[in-house]
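Student: In order, the protein sequences belong to chains A and B.
The first sequence begins at 6 in my numbering and counts up one residue at a time.
The second sequence begins at 490 in my numbering and counts up one residue at a time.
Before I ask anything, here is the structure I am working with.
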Amino acid sequence: MSEPSTVWSALLVDGIAPPSTGLVADELQDGSGWTVFVHEDFFHWLHDDHQDVALRKRARYCLTELLSTGTCARRKHVRGAAEGWVRTQLGGTGGSHYYLWWAYSGYPAVEGSDLPDKSVLVRIVRHHDDTDQPLNPGSMGDWDILTPRDIATADDSELTEQQQQIVALDAKPVRIVKGFPGSGKTTSLHKAASSIWGDKALYLTFSSALASDAASYFAAFAAAGTTVDSMTFGDLMVALGDDGSGVKEPIPMAQLIQRFEERTRAFRPQLGKWQRRSDELYAELHAYAFGMAVPLEFRSVPASKKRHIGRDAYVELRKSALSKKVAGHAVEAAKYLEDRGLVDELFPSVSAARRLLDNSVVDLPDEFVGYSAVMIDEVQDLTVVEAMFVMSVVGRIGRQSGQMPHLFVAGDESQTVRPAAFSWGWLGDVLTAMLGAVARERDEITLTANMRSPQSVAKLIEATRSHYKMLDREERPGDFASVEADQEREGKVLYCHAPMGDSWDRVVELFGGQLSAQLVVPGMTVPAELVDPRAQVATADQVKGLGYDLVGVVDAGERQVELLELAERVKEEDDRMSGSLGRLKADQFRVAVSRSQENLVLLDRGPTDLSDAIRDLVAHVDPDLVVRVDVDELAAHLEEEAAAVDLVEGHLSEAKSGLSMDPVFALGKARSAVDLLPKAHREGSVPQPLVEDVFRVAGVAARQAASVSRHLGDAREAEARQAEAEKYFEDGGFGDHYRTLSELNKAVESNAGSADPRVILSAAGSYDGISVHLPQLATEVFNSLGDWLGEVSKVGYSTDYELLASIAASSLAAEVFEERQAGTARLHEQALRRTAELAVDRNDFEGALTCLESIEDADVDLVAQCYEGAGLWVEAVGHFEVNGRPLDALRCAREAADFTKALELAHIVAPEQVGRIRWSQRLVEMVAPELTDRGAPLSLAERRELLKVLDQGLLRATGSVPGEDDPVDTMWDESTVIVPAESDFSEPLDNFAPPVFAGIKSVKDFSDEPVTAAVDELPKVDVDIPAADTRGSEEVDPVTPIVDGFISLTALGAEVGQGHEDLVALCTKLGIALLPGNATVTDAQADRIRGRVARENRG
Amino acid sequence: MAVLYPGNIPSNVGKDAKYSVVSGADGYEIRLTYRVSNRERALLTTDAHPELVEMVNAVKNEVNLVPGGAFYINEYLDVLVPCTDRECYFAGNYRHTLEFDFDGQKVSPKAPDGLQPGDEWPGPRVGIRFKIKAGARDIAYLRKAGGRETEVCLSEVHGPKVAAELARRLAIHKGESGGRIYLNEAFEFFGPPSTPGDPFVYMGSLGDDLWFPPPAVNRS
């Protein structure tokens, strides 16, 4: 009998119900934390039908950004008379003529206007030149709060027909969204979350910057009542238990390739044509050898037991694209890496996906159950193995939830900067293999409009289609459609030959002075000679998903020539490898040029002007599209140098975008922002919130870059970057928060459980502050505290520190985090319990009690044992009794020498002890003062004799053992006892009532007086509640103001001059709960009412 | 039958952040774990509130099947009883002030005469948690229902101006970053200060400021 498979298959979702139709959401989340106020001037403009439709559409887009993130792109600081405002370009006829004016709270423009923190005021739309008049922000009375609902309704009608198809409530369960760069794929997925598909939805994407953007958007615009979780594919793998290095925090591709080169150096002579093409070989292995090695037969490739596809299957798969020989060399390289255990290190994401796919029938954690929609963005960045893993998650969500989720998948075949060999064809097969019949029910929608690029840039993107036509059919992405560009916006496409040296330096300088400008190399790595902190050149991979007003594509002509040569080799020499390489290079070129939102400069820095090659590229689209300029002319074409404060903001924005994907790149941008601050200060005022943000982001970037250095084994660089981070945090005024975090990390680093609780206490207490001032690091605090709590819940508090300090730390940590992560309080209780158990084991009963006293429902038995162990007999008796353990209680009562309690217990459970205890009690009674203080005194001899007799008697009684037929009880003859008439011990000895161990006593049982007695004693006043029409004090009958000890509301109304109904309404506003009849309030409540009435009377 | 409380449900962790009904020498009584200092706590009890004991135990008996355990009294003087099923029930409205004797001194939810906002809070730490939102522009609490949590803001009830006014007054001693605060049955606000580790500070009384309306429950 064969073992059951551990790999997911579509059979497992057979019969699972399809998703339900979506619903229109009446309310949206509105929870981004940002409040957007709109001035009535702007409000009127926005709703004035005479205003330009395109401008208003763009303004609504800005409002969307403001509501989700508190900022919007393409912003500039106003200089001159209206300094202190920020303006964002809306567009207009013939150029950028109209701007939206707005300001953050804390900015000079809104100083003194009562704009609350974390708010934005949108003031007005003004013409480009209209900056010389100061602008008053107005006050609260002039503003309205904008909600997502206000603009979402209008936005829906602005969706294209294709986008409306994507978000349709009754479409098929699976929707495939295809589209070019800037066609609105991501926007469509975001919009889908504004409908109700169920209680929970999941958004997945490759880039953490996009995941974070999506989370911000959902916080404002997702349907109210729907939780939308946003995570990267890496986050998903970590959530499912794979914590392999480079999974959670992806290592930039360039660094992986660098490491790949180092690791394969010795093997390189055996690589044939790949010998000098490390980056292409890396891409080949990533996409095919490892990326297509899956544990089931797929598209005629047999199941791979190993991480890479077997030799024969691989050659068969790739021979038509590479030739047998070249494919053979590639698979040898894959084998070399796998044999040496290097796959996890060099291909971390693919490896993790394979590990998880190998065990994909295991249930997902509970939090994944109930997702009713799954949105997958940037699907083209997934290899086959990664896509299968992700779809297995979708299948498991369906199976565990009992209903399949809606599935939205968006991507673009021609943007595969990450080598994945993606094609819509194989994705369809993956869907079928993992989801079966459900996946066959799908809509495929192609978006054809270009929302991002102006017409000129869109034409160039269109022209790059010719790259793919030159390639082998197998390497050509399918589903090409024409692009409809934004006709409203203008942009330039320039060609500039700038050889290395003065010309290139001048280009770098020009780009450095432009707002939102980026130089991009259409390759996988930046050539060494271009690594320059001033230039900040990026790869296509690094800028994917981002947009800039000005993009410079470095070596554009050279790349075009290269592509032509590759195409030639494919055609003339049947060099199939060149076709494969050509596809990657074409994609990178396309991604690079499509980053431009306005102007594009195609640059060559080699000795030759290659403008003809570029002209050839665009000839079939628009022969006049590209304007050739020299460096000086380029300067004239670009805008005049931007204000330093705008450049600071631009660099800052880019640093923020790069933080999660490429901290080193982000650090470069952040450094530029920091370096520009002095210049910005010289040019004018720089808003303090901006300055703080610069240092905050620079610190975070330096810290994350230090982590990358450590990962790559460069300890010296890591240390320098760490020191740089500390300096930035200090300069930004976040030194205390950062030190708290550092101490916390240091404390929990080696062994979380042994961390100093004082550090934990301080970090937990600082969490709210860190969340506000260093939000990027708050998760770290959260996780570290969670690690500590988790650890102490298992191993107890460290005995190296004071127990009370640990309890205080644990309690505060749990309290702070309970509202963010339900169940944390349980960890605190578990820690207390575990510490108590361990303390009992080492006979530290006092310690155990300290813990147990802090637990609401501590085990009474354990508590009692601890009291007994600590010698606290009386407390032990009480707890044993409550727990129904009278024998133990009796033992402790006798240790406490509490004869009365012992006798009471012995009567019930140990009658053989009754006699001895009663005997003892009588001895005590015999020496009661009533019997000793009166009468003739004893002689000393009598005293000595009595002491001797008593001592011997007590000695015998202590050692005596009652025989079975000789119960000690019978020794006592009650008739011989003399009981003092007024003794405290006069209760009849045989009149013990059995104690109650079970059942519930009524309150009556605990008191000589009935419970109502106290109430009954209060003066009773019959109150005649006035009828509802009572108005004003003059109509109120005089009543006694005190009723049952409380103030009569009627009398109070008379006192403050309010009718009864008004007073009742006021109580509701003040949060005062009235009892039925609305008759009385307490003294304190009456004081509040009086105060409020007086306040309102004062106006 | 025990009624679930529909308002702000306390989820305080600290033992000193709740009252308890416990079994005493002469029957059930009310206990307060009083934090004398970071290192010292005192167990204070009072048997002067049998009616309150009865209210709490009625719920505890019905849900937990045994009497005794934690409870809270909120600013509406509603008695809230958390039970072992992790729900919080309404036990009734109780209008008498709980006072405890600590070495001859009275410990009460009312701020002692002369106590000023910013002073250390000497009273019980029993209170209902609210949050001053970052920037001190609003006050909010989380309403939990099933698996869903909703943030309820004072600004939604009385408008942003009223909410911001109160939030700012309280934030003077809490810090602009906001954070958790507690309100007790005597309408006193207190909570952890901006510097972690320092004792709780008194933030002032609710006074004549407007507040969240009382939740709709049958208080008869």
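No residue lacks a Cβ here, since even glycine has one placed at the ideal position from N, Cα and C.
Bear in mind the structure is a predicted one, so any value in this text is a computation, not a measurement.
#1: Over what stretch of residues does the beta strand (DSSP E) that includes GLN727 (chain A) continue unbroken?
#2: Determine, using beta carbons only, whether THR210 (chain A) comes closer than 8 Å to chain B.
#3: Taking all protein chains shown into account, do 16 or more other C-beta atoms lie within 10 angstroms of the C-beta of MET297 (chain A), making it buried, or fewer, making it exposed?
#4: Which chain A residues are close to ARG584 (chain B), counting only those with a beta carbon under 8 Å from its beta carbon?
#5: Is the stretch 184-195 of chain A in contact with the stretch 370-389 of chain A, if contact means three or more CB pairs nearer than 8 Å?
#6: Hey, how far is the Cα of VAL389 (chain A) from the Cα of VAL331 (chain A)?
#7: Quick check on the DSSP output: the beta strand (DSSP E) that includes GLU518 (chain B) runs from which residue to which?
#8: Is ILE922 (chain A) close to chain B, meaning its C-beta is less than 8 Å from at least one C-beta of that chain?
#9: Would DSSP call ARG896 (chain A) helix, strand or coil?
#10: Quick one: which residues of the stretch 569-601 of chain B get their C-beta closer than 7 Å to a C-beta of chain A? List them in chain order.
#11: Among A:LEU524, A:PHE413, A:ALA641, which residue has its Cα nearest to the Cα of ILE181 (chain A)?
#12: Out of B:LEU655, B:LYS620, B:ARG530, state which residue places its alpha-carbon closest to the alpha-carbon of ASP592 (chain B).
#13: Suppose only complete runs of 4+ residues qualify. What are the alpha helix (DSSP H) ranges in the stretch 820-894 of chain A, listed by chain order?
#14: Using only the alpha-carbon positions, how far apart do LEU1080 (chain A) and ASN563 (chain B) sit?
#15: Would GLN593 (chain A) and GLY552 (chain A) qualify as a contact pair, given that the criterion is a beta-carbon distance under 8 Å?
#16: Since ARG618 (chain B) and ARG575 (chain B) are thought to touch, with beta carbons under 8 Å apart, how far apart are those beta carbons, to the nearest angstrom?
#17: Where do the ends of the beta strand (DSSP E) carrying LEU533 (chain B) lie?
#18: Alpha carbon to alpha carbon, what distance is there between SER599 (chain A) and PHE485 (chain A)?
#19: Take THR74 (chain A) and list the residues in its own chain whose beta-carbon comes closer than 6 Å to its own, dropping the five residues that flank it on each side.
#20: With respect to the beta strand (DSSP E) encompassing ALA271 (chain A), which residues constitute its N-terminal and C-terminal limits?
#21: How about GLY496 (chain A) and PRO527 (chain A): do their beta carbons lie closer than 8 Å?
#22: Scan the stretch 87-111 of chain A and note each continuous beta strand (DSSP E) run of 3 residues or more that stays entirely inside, going in chain order.
#23: Alpha carbon to alpha carbon, what distance is there between LYS549 (chain A) and PRO139 (chain A)?
#24: Measuring only the C-alpha atoms, how far is ALA22 (chain A) from LEU207 (chain A)?
#25: Could you compute how far the alpha carbon of ALA641 (chain A) sits from the alpha carbon of GLY655 (chain A)?
#26: Tell me where the alpha helix (DSSP H) around LYS81 (chain A) begins and ends.
#27: For the stretch 506-516 of chain B against the stretch 529-545 of chain B, are there 3 or more C-beta pairs whose distance is under 8 Å?
#28: Name the two residues that bound the continuous alpha helix (DSSP H) containing THR745 (chain A).
#29: In whole angstroms, give me the CA-to-CA distance for PHE739 (chain A) and ARG520 (chain B).
#30: Would you say GLU796 (chain A) reaches chain B, if we count a Cβ-Cβ gap shorter than 8 Å as a contact?
#31: Whole angstroms are fine: how far does the CA of ALA198 (chain A) sit from the CA of ASP864 (chain A)?
#32: On the DSSP bridge list, what partners appear for ALA415 (chain A)?
#33: With 16 other CB atoms within 10 Å as the buried threshold, where does GLY1082 (chain A) fall?
#34: Does chain A have any CB closer than 8 Å to the CB of LEU533 (chain B)?
#35: For ASN673 (chain B), is the classification buried or exposed, using 16 other Cβ atoms within 10 angstroms of its Cβ as the cut-off for buried?
#36: Distance check for VAL568 (chain B) and ARG1100 (chain A), CA to CA, integer angstroms please.
Tutor: So, to answer that:
#1: Premise fails: GLN727 (chain A) lies in the alpha helix (DSSP H), 720-736, not in any beta strand (DSSP E).
#2: No, THR210 (chain A) lies away from the interface with chain B (no Cβ there is under 8 Å from its Cβ).
#3: Under the 10 Å beta carbon count, MET297 (chain A) is surrounded by 16 or more other beta carbons and is classified as buried.
#4: For ARG584 (chain B), the chain A residues whose Cβ falls inside 8 Å of its Cβ are PHE1051, THR1087, in order along the chain.
#5: Because the criterion of three Cβ pairs below 8 Å is met, the stretch 184-195 of chain A and the stretch 370-389 of chain A touch.
#6: Approximately 22 Å, taken between the alpha carbons.
#7: Taken as a continuous stretch (DSSP letters only), the beta strand (DSSP E) holding GLU518 (chain B) covers 516-526.
#8: By this cut-off, ILE922 (chain A) is not an interface position.
#9: Of the three classes helix, strand and coil, the one that applies to ARG896 (chain A) here is helix, per DSSP.
#10: Residues THR573, ASN582, ARG584.
#11: Measuring from the Cα of ILE181 (chain A), the nearest candidate turns out to be A:PHE413.
#12: Nearest option by C-alpha distance: B:ARG530.
#13: Those alpha helix (DSSP H) runs which fall completely within the stretch 820-894 of chain A and span 4+ residues are 829-846, 850-857, 865-874, 878-887.
#14: The C-alpha of LEU1080 (chain A) lies about 15 Å from the C-alpha of ASN563 (chain B).
#15: Their beta carbons are not under 8 Å apart, which means GLN593 (chain A) does not touch GLY552 (chain A) by this criterion.
#16: Your pair ARG618 (chain B) and ARG575 (chain B) does not check out as a contact, with CB atoms roughly 17 Å apart and the cut at 8 Å.
#17: Start and end: 529-535.
#18: Caution applies to PHE485 (chain A), whose pLDDT of 46 falls short of 50 and renders its modelled position unreliable; the value that the coordinates give is listed next. Each residue's Cα considered, the two are about 16 Å apart.
#19: SER221, listed in sequence order.
#20: Per DSSP, ALA271 (chain A) lies in no beta strand (DSSP E) and is assigned neither H nor E.
#21: For the 8 Å CB-CB criterion, GLY496 (chain A) and PRO527 (chain A) do not form a contact.
#22: Qualifying beta strand (DSSP E) stretches, in chain order: 91-96, 103-109.
#23: Using only the alpha carbons, I get a separation of about 40 Å.
#24: ALA22 (chain A) and LEU207 (chain A) have their C-alpha atoms roughly 19 Å apart.
#25: Distance from the CA of ALA641 (chain A) to the CA of GLY655 (chain A), rounded to the nearest whole angstrom, comes to 21 Å.
#26: For LYS81 (chain A), no alpha helix (DSSP H) run applies; the uninterrupted beta strand (DSSP E) run containing it begins and ends at 80-82, by DSSP.
#27: Contact between the stretch 506-516 of chain B and the stretch 529-545 of chain B is present: three or more C-beta pairs spanning the two stretches fall below 8 Å.
#28: Its alpha helix (DSSP H) spans residues 740-754.
#29: About 43 Å.
#30: No - not a single Cβ of chain B is within 8 Å of the one on GLU796 (chain A).
#31: ASP864 (chain A) and ALA198 (chain A): Cα-Cα distance of roughly 47 Å.
#32: According to DSSP, which records beta bridges pairwise, ALA415 (chain A) is partnered with A:VAL182.
#33: Residue environment analysis places GLY1082 (chain A) among the exposed positions, since fewer than 16 neighbouring C-beta atoms fall within 10 angstroms of its C-beta.
#34: So, not an interface residue.
#35: ASN673 (chain B) comes out buried.
#36: Cα-Cα distance, rounded: 30 Å.
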